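A.B. asks: Shown below is the structure under consideration.
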Amino acid sequence: MAQIKNFLQNAKVYLEGNTLVGVADVDLPDVAYMTEKVKSLGISGELEIPVIGHFKEMKAKLKFTTTTKEFGKLFQPESKLIQVYASLQEYDPAGNNYKSVGYKAVMNVLPLSNKAGKIDIGKPMDSEIEFAVSAFKLEVDGKKIYDIDVLNLKCEIDGKDYLSDVRKNLGM
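Per this note's numbering, the very first residue in the sequence shown carries number 27; after that it's consecutive.
What follows is the structure in structure tokens.
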């Protein structure tokens, strides 16, 4: 019987390998293929198809309860490595027990904008920084789900490298 996925138990965010404090939550990137609509003689309509291994822009956000001293470092116009380590709770109905599994998201990012937040007594400031994501790797329970790097023509999904022939054709 399959494990029942429950929820995220907890998470920590790291900047360049160091713990990043004050993060309230993380919006991970949406991953969507670039597409092109195909319409031609011999087919009975239009078909939108993905450009294999090529993606629309990816963005991520770090949200904070208050503006922290790391805000300046995060907003420097330089590439950064952000890692999110989390624990997911699962339930095994056959064994009637719970299990925690690892979840890891790794992103190479460039800052785009920040929101210092609002000032209201006794309330969170809701500060946030938005990033452009050039590389995004996702692992669940030690298994690599995907590893995408748009600047280095890398697109590995479920263990298959979809751009290996493209890199070879380009002399890479």
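Just so you know, even glycine gets a beta-carbon here, dropped at the ideal spot from N, CA and C.
The model shown is predicted, which means the values in this text are computed figures rather than measured ones.
1. Could you round the C-beta distance between K87 and E156 to whole angstroms and report it? I think they count as a contact, below 8 Å.
2. Check each candidate in N44, E83, A158, E116 and name the one with the smallest Cα separation from A58.
3. Taking C-beta to C-beta, are K130 and V110 nearer than 9 Å?
4. I want to see whether chain C comes within less than 9 Å of V39, judged by CB atoms only; does it?
5. Could you tell me which uninterrupted beta strand (DSSP E) segments, each at least 3 residues in length, are contained entirely in the stretch 40-109, listed from first to last along the chain?
6. Assuming F90 contacts S153 (C-beta within less than 8 Å), just tell me the rounded distance between them.
7. Using only CA atoms, which one of I145, N140, A142, L136 lies nearest to F162?
8. Please name the residue or residues paired with V135 in a DSSP beta bridge.
9. Taking the CB atoms as reference points, tell me whether L164 and N134 lie closer together than 9 Å.
10. Quick check: the Cα distance between N140 and P103, rounded to an integer number of angstroms?
11. Which residue's Cα is closest to the Cα of Y211: K31, G79, L34?
12. Mind checking which residues open and close the alpha helix (DSSP H) that includes K194?
13. Between the beta-carbon of A37 and the beta-carbon of S113, is there less than 9 Å?
14. Could you say which of L67, L54, V47 lies nearest to T93 if we only look at CA atoms?
15. Less than 8 Å separating the Cβ of V49 from some heavy atom of the ligand NAD?
16. Between I30 and D118, is the Cβ-Cβ spacing less than 9 Å?
17. What's the call for P55, buried or exposed, on a 16-neighbour Cβ count within 10 Å?
18. Look up L179 in the DSSP assignment and say whether it is helix, strand or coil.
C.D. replies: Looking at the atomic coordinates:
1. The beta carbons of K87 and E156 sit about 5 Å from each other, so the pair counts as a contact at 8 Å.
2. For the options N44, E83, A158, E116, the alpha carbon positioned closest to that of A58 is the one of E83.
3. Going by C-beta atoms, K130 is nearer than 9 Å to V110.
4. No chain C appears in this structure, which consists of one protein chain only.
5. As summarised for the stretch 40-109, the continuous beta strand (DSSP E) elements at least 3 residues long and confined to that stretch are 49-53, 59-65, 72-81, 84-90, given in chain order.
6. Right, the Cβ-Cβ distance comes to about 4 Å (below 8 Å), so this counts as a contact.
7. In this structure, L136 is the residue among I145, N140, A142, L136 with its C-alpha nearest to the C-alpha of F162.
8. Under DSSP, V135 forms a beta bridge with K106, V159.
9. It is not a contact, given that the beta carbons lie outside the stated cut-off.
10. Cα to Cα, N140 sits roughly 12 Å from P103.
11. With the chain covering 27 to 198 only, the question about residue 211 has no answer from this structure.
12. From DSSP, the alpha helix (DSSP H) with K194 extends over 190-195.
13. In this structure, A37 sits near S113, with a CB-CB distance shorter than 9 Å.
14. The candidate whose alpha carbon is nearest that of T93 is V47.
15. Although the ligand NAD was asked about, the structure shown includes no ligands whatsoever.
16. For I30 and D118, yes; Cβs fall inside 9 Å.
17. Answer is buried; the Cβ neighbour count reaches 16.
18. DSSP, read as helix, strand or coil, puts L179 in coil.
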